[in-house]
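Engineer: Heads up: the sequence shown runs through residues 1 to 138, numbered per full-length UniProt numbering.
Note that CB positions come from ideal geometry on N, CA and C, so glycine has one too.
Have a look at this one.
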Amino acid sequence: MDGMTSYQSSGTRNGDLQKYSHNIGSNIQKISQNVKSMQQLVNQLGTDQDNQQLRAQLHQVQHYTGGLAKDTTVELRTFKSLSVPHGQDARTWHMQAERLTREFSQALNDFQNAQRQAAAKEKEALKKARADSDAHFF
Numbered sequence: 001m002d003g004m005t006s007y008q009s010s011g012t013r014n015g016d017l018q019k020y021s022h023n024i025g026s027n028i029q030k031i032s033q034n035v036k037s038m039q040q041l042v043n044q045l046g047t048d049q050d051n052q053q054l055r056a057q058l059h060q061v062q063h064y065t066g067g068l069a070k071d072t073t074v075e076l077r078t079f080k081s082l083s084v085p086h087g088q089d090a091r092t093w094h095m096q097a098e099r100l101t102r103e104f105s106q107a108l109n110d111f112q113n114a115q116r117q118a119a120a121k122e123k124e125a126l127k128k129a130r131a132d133s134d135a136h137f138f
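Structure representation (structure tokens):
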């Protein structure tokens with residue numbers, strides 16, 4: 001019976017590893033896609049296409065991506081805390097964990113840069129709007 005229990009827990013463990021690996025990889029792709037969307041929206045700030053709907057869409061993408069990043073952080077920590085398989089599977093798991101960590105770190109850096117760029121563009125557009133508003137009063 002112990003052999004059966006060990007086999008079942010090993011199968012579950014490998015299933016968990018695959019599930020987390022797939023979810024984390026999928027989340028990294030979503031974050032990267034959202035960063036590209038943010039950059040496109042940011043490029044429209046301060047232009048004739050700039051409006052409240054554009055800004056609301058940008059903030060919605062930022063908020064969703066921030067939540068996705070938090071969820072992915074939790075999943076990556078859980079993935080790394082799972083029992084590591086033995087033998088060749090252990091080497092594969094370590095390589096997978098390193099790759100996911102590296103890709104997630106890069107996606108987070110890109111997201112932070114896009115957020116900074118958005119904040120700078122919004123600040124710049126606000127200054128311009130205030131200057132234009134002040135010019136109309138004099």
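Going by DSSP in three states, N113 sits in which element: helix, strand or coil?
Structural biologist: Here N113 sits in helix by DSSP.
Engineer: Using three-state DSSP, classify M95 as helix, strand or coil.
Structural biologist: Looking at M95 - three-state DSSP - the assignment turns out to be helix.
Engineer: Since T78 is in the alpha helix (DSSP H), which residue starts that stretch and which ends it?
Structural biologist: Per DSSP, T78 belongs to the alpha helix (DSSP H) from 52-81.
Engineer: Quick one: residues in its chain with C-beta nearer than 8 Å to the C-beta of L82, no 5 flanking neighbours on either side, listed in chain order?
Structural biologist: Hits under 8 Å: R13, D16, L17, Y20.
Engineer: Within this structure, are the beta carbons of F111 and T65 separated by less than 8 Å?
Structural biologist: Closer than 8 Å, so yes.
Engineer: Label M95 either buried or exposed according to how many other C-beta atoms from any shown protein chain fall within 10 Å of its C-beta, with 16 as the threshold for buried.
Structural biologist: M95 comes out exposed.
Engineer: Ordered along the chain, which non-local residues of its own chain (more than five positions away) have a Cβ less than 7 Å from that of D2?
Structural biologist: For D2, the pLDDT reaches just 41, beneath the cut-off of 50, and the residue's location in the model is therefore unreliable, although a value from the coordinates is still provided. There are no such residues.
Engineer: Between the C-alpha atoms of D48 and Q57, what's the straight-line distance to the nearest angstrom?
Structural biologist: Cα-Cα distance, rounded: 16 Å.
Engineer: Take the Cβ of L76 as the centre, count every other Cβ of all protein chains shown within 10 Å, and call the residue buried at 16 or more, exposed below.
Structural biologist: Buried, because 16 or more other Cβ atoms sit within 10 Å of the Cβ of L76.
Engineer: To the nearest angstrom, how far is the alpha carbon of T72 from that of L100?
Structural biologist: Roughly 10 Å separates the two Cα atoms.
Engineer: According to DSSP, is G15 part of a helix, a strand, or is it coil?
Structural biologist: Correct three-state label for G15: helix.
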